[in-house]
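**Q** This is the structure I have questions about; it appears just below.
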Amino acid sequence: MEPWVSLFSGGKDSSWALYRALQRGAPVKRLVTVHPAGESFMYHVPATELAGLAAESIGIPLVNVRPTDFEADAGPDELAGERGDRELEPLEDALVALARKLGSIGGITAGAVESSYQTDRIEGLCDRLGAELFAPLWQKEPRDLIDSMLGAGFEITVVRVAARGLDESWLGRTLDTEAVAELERLNDEYGVHILGEGGEFETLVTDGPHMERPIELDGEPAFDGVRGTFRITDARLGGVDT
Numbered sequence: 001m002e003p004w005v006s007l008f009s010g011g012k013d014s015s016w017a018l019y020r021a022l023q024r025g026a027p028v029k030r031l032v033t034v035h036p037a038g039e040s041f042m043y044h045v046p047a048t049e050l051a052g053l054a055a056e057s058i059g060i061p062l063v064n065v066r067p068t069d070f071e072a073d074a075g076p077d078e079l080a081g082e083r084g085d086r087e088l089e090p091l092e093d094a095l096v097a098l099a100r101k102l103g104s105i106g107g108i109t110a111g112a113v114e115s116s117y118q119t120d121r122i123e124g125l126c127d128r129l130g131a132e133l134f135a136p137l138w139q140k141e142p143r144d145l146i147d148s149m150l151g152a153g154f155e156i157t158v159v160r161v162a163a164r165g166l167d168e169s170w171l172g173r174t175l176d177t178e179a180v181a182e183l184e185r186l187n188d189e190y191g192v193h194i195l196g197e198g199g200e201f202e203t204l205v206t207d208g209p210h211m212e213r214p215i216e217l218d219g220e221p222a223f224d225g226v227r228g229t230f231r232i233t234d235a236r237l238g239g240v241d242t
């Protein structure tokens, strides 16, 4: 089979897409992480620097893509679609170079759930590369997805919040059945998406069946009353006695 590539941030959605591809025997040879310097319409932003630790635990080499700050590059009249196209360019350049190195790319995994803004652009990219798009979360029921992740043994840590109802107590919290039940209540009350698909929260997968060793985190919450980030002061791979 032709080699596959996984678009990978370390968050729950891209990690689930990778895991499902590996489950079906896809020959994933590289993980690719984009590190936006500013806010991004296309990419997961927080804690992407920890993707290297996750890749080490998973055992698949990581390719880092570090574009310039999208906010700084944006013109005052730039439309959202134009920005998305521009944000895609460094990723596409990296994948073209990787296809040359690997000989080809047969498939690309993506963790898109409901965003046509992202998915349409990634589909176009796959078409240009002649690669299959594997997006196992696309249009699936959110509760079923999170239940499947937890049932498979994913350990998911909340690293950013930006929605009414999500306060400082969520930062650094591990998602479990109790947390999911609370998210469902917040969905009813405030419209918070149970998977954070609207940017309500962002996550980092610190352990799972596709990882040989868990990621251990030290950090502290920083919350301004509206939004917040779990500021990670130290991260390491655990699970091995020294």
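For the sequence shown, UniProt numbering gives the first residue as 1, with consecutive numbering after it.
Glycine residues also receive a C-beta, built at the ideal position from the N, C-alpha and C atoms.
Is the beta carbon of LEU217 sitting closer than 8 Å to the one on THR119?
**A** no
**Q** Is it buried or exposed, ARG30, if we count other Cβ atoms within 10 angstroms and call 16 or more buried?
**A** buried
**Q** DSSP state of GLY127, grouped into three classes?
**A** In the sequence on display, residue 127 carries Asp and not Gly. Helix.
**Q** Could you have a look at LEU237 and say whether DSSP puts it in helix, strand or coil?
**A** Reduced to three states, the DSSP call for LEU237 is strand.
**Q** Beta-carbon separation of MET211 and SER57 under 8 Å?
**A** yes
**Q** Mind reading off the beta-carbon distance from ARG164 to TYR190? Whole number of angstroms is fine, and I expect it under 8 Å.
**A** 5 Å
**Q** So if DSSP puts GLU216 in a beta bridge, which residue, or which two residues, is it bridged to?
**A** ARG236
**Q** Counting Cβ pairs closer than 8 Å, one from the stretch 224 to 238 and one from the stretch 180 to 195, do we hit at least three?
**A** no
**Q** Rounding to the nearest angstrom, what Cα-Cα distance links THR174 and GLU87 in this structure?
**A** If you draw a straight line from the Cα of THR174 to the Cα of GLU87, it is about 31 Å long.
**Q** What is the C-beta distance between VAL113 and LEU137, in whole angstroms, given that I count them as a contact (C-beta under 8 Å)?
**A** 5 Å
**Q** When the Cα of ALA4 is compared with those of SER116, ASP13, LEU166, LEU22, which residue comes out closest?
**A** Before going on, a small fix: residue 4 reads as Trp here, not Ala. Cα-wise, what sits closest to TRP4 is LEU22.
**Q** In or out: MET149 buried (at least 16 other Cβ within 10 Å) or exposed?
**A** buried
**Q** Would you grab the beta carbon distance between ALA54 and PHE134 for me? Rounded to a whole angstrom, and I think it's under 8 Å.
**A** In fact, because the Cβ distance is near 19 Å, the residues do not count as touching under 8 Å.
**Q** Taking the Cβ atom as the reference point for each residue, do LEU91 and VAL65 lie within a distance shorter than 8 Å?
**A** yes
**Q** Any idea what DSSP makes of SER14, helix, strand or coil?
**A** helix
**Q** Using DSSP's beta-bridge definition, name the partner residues of ARG164.
**A** Looking at the DSSP assignment, ARG164 forms no beta bridge with any residue, so it has no partner.
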